[in-house]
């Protein structure tokens with residue numbers, strides 16, 4: 054979607070009579086991208102489904118307040134990121150474990166997940182990602198799996214491109230090391 | 188961790204749209220040589236493919252790849268991560284989301300029926316009906332009427348200053364029933380009656396003297 058299309062869609066989303074059709078279009082365009090963004094963070098399909106629905110509900114309720122300071126897609130990605138992190142924090146609290154322990158637990162669950170068809174190397178990759186600090190995980194997921202550009206990630210995470218490149222480089226190094234030694 | 192290997196970086200180039208047209212040309216050639224090559228394949232391996240398999244496979248694959256970015260993103264995400272979704276998940280989730288947002292919003296628009304204005308209006312009608320019913324029910328056997336009120340109660344009511352009458356108002360009320368002038372009218376008492384009254388009284392000399 055180019056800038057003009059996004060602007061038109063935003064205008065429609067903030068107009069009472071057009072909001073429903075515009076929102077349907079928005080869901081169609083972004084449902085899969087946001088789903089994978091969330092899924093890479095929460096790992097389980099059911100959890101990703103819950104979070105995705107919450108994200109779109111939040112977008113629908115708050116679209117009138119969106120001032121256009123950032124791009125629509127980065128705003129939505131930001132909501133998805135925050136919702137996923139909140140979800141993970143709540144889950145960690147519920148199980149009375151730290152966030153790092155929760156990451157390990159999620160990967161263990163992945164092995165028995167019917168919605169995981171990965172081979173051994175993919176599972177190892179997931180294990181390696183789970184050991185990364187949260188920020189590096191986010192950057193790696195967005196860059197490697199979702200193939201977002203540094204510029205886009207920078208807008209979503211509100212971090213400079215330089216810092217993102219450093220994060221991605223560090224993350225890649227750590228993962229490579231893990232894969233070699235395990 | 189290099190993901191893509193675009194050969195143009197290495198100095199090699201291909202004609203424009205080469206890859207787009209490659210498959211088409213290839214399958215055209217295959218169909219032309221169908222009789223020979225396909226027959227020979229069948230003969231050598233004994234394996235068969237469904238009719239028009241390659242044609243439809245090509246279309247399906249290209250459709251999937253060209254549909255839009257999101258379609259290709261699901262493909263790459265699934266391939267790289269090994270994470271998959273239930274069948275037709277993305278079709279269903281769209282309906283679920285729309286149901287929880289647009290449709291839920293449309294339903295909540297009914298709420299104005301219970302707005303403050305309407306509640307007051309309905310409450311007003313309800314209060315009126317309640318009053319009418321209570322009045323009509325008590326009408327037949329109302330134990331309260333003016334006769335049942337104790338005089339003391341009325342007096343207390345006035346004493347507490349609940350009703351304020353000016354002197355003129357009180358005078359007006361009394362005017363018809365009593366005439367203060369009549370009391371002092373000489374005609375009312377005849378000389379004879381006065382004489383009798385005085386003669387009946389046992390008056391002492393002092394009193395008569397004083398008077």
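Chains as they are written, first to last, in our numbering: chain A, 54 to 235; chain B, 188 to 398.
A virtual CB, placed ideally from N, CA and C, is assigned to each residue, including glycine.
Note that the structure is predicted; figures quoted are calculated from it, not measured.
Taking the Cα positions, residue 232 (chain A) is about 7 Å away from residue 177 (chain A). For residue 215 (chain A), the enclosing alpha helix (DSSP H) covers residues 214 to 234. Taking a C-beta distance under 9 Å as the contact criterion, residue 94 (chain A) and residue 190 (chain A) qualify as a contact pair. Annotated three-state conformation of residue 352 (chain B) is coil, per DSSP. With a cut-off of 8 Å on Cβ pairs, the segment 65 to 82 of chain A is in contact with the segment 282 to 294 of chain B, counting three or more such pairs. Around the beta carbon of residue 91 (chain A), 16 or more other beta carbons lie within 10 angstroms, which makes this residue buried. DSSP places residue 119 (chain A) in the coil class of the three-state scheme, outside both helix and strand. Residue burial is scored here from C-beta neighbours: residue 194 (chain A) has at least 16 other C-beta atoms within 10 angstroms and is therefore classed as buried. Between residue 148 (chain A) and residue 155 (chain A), the C-beta gap is smaller than 9 Å, which places the two residues in contact.
Between the alpha carbons of residue 180 (chain A) and residue 303 (chain B) lies a distance of about 57 Å.
Judged by DSSP in its simplified three-state form, residue 184 (chain A) adopts coil rather than helix or strand. For the segment 60 to 144 of chain A, the full-length alpha helix (DSSP H) segments reaching 4 residues or more read 72 to 95 and 98 to 115 along the chain. Distance from the CA atom of residue 269 (chain B) to the CA atom of residue 125 (chain A), rounded to whole angstroms, is 29 Å. Chain-ordered, the chain A residues with CB closer than 7 Å to the CB of residue 287 (chain B) read 106 and 110. In the assembly as shown, residue 134 (chain A) is a buried residue. Its beta-carbon has 16 or more other beta-carbons within 10 Å.
Using a 10 angstroms sphere on the CB of residue 355 (chain B), the tally of other CB atoms stays under 16, which defines it as exposed.
Rounded to the nearest angstrom, the Cβ distance from residue 192 (chain A) to residue 163 (chain A) is 21 Å, too far for a contact under 8 Å. Identification of residues in the segment 86 to 97 of chain A having a C-beta nearer than 8 Å to some C-beta of chain B yields 86, 88, 89, 92, 93 and 96, given in sequence order. For residue 172 (chain A), no alpha helix (DSSP H) encloses it, and the DSSP letter there is neither H nor E.
A straight line joining the alpha-carbon of residue 86 (chain A) with that of residue 199 (chain A) spans about 8 Å. Within 10 angstroms of the beta-carbon of residue 288 (chain B) lie 16 or more other beta-carbons, which makes it buried. Annotation: Cβ neighbours of residue 277 (chain B) in chain A (cutoff 9 Å, chain order): 84, 85 and 88. The C-beta of residue 272 (chain B) has 16 or more other C-beta atoms within 10 Å across all chains shown, which makes the residue buried.
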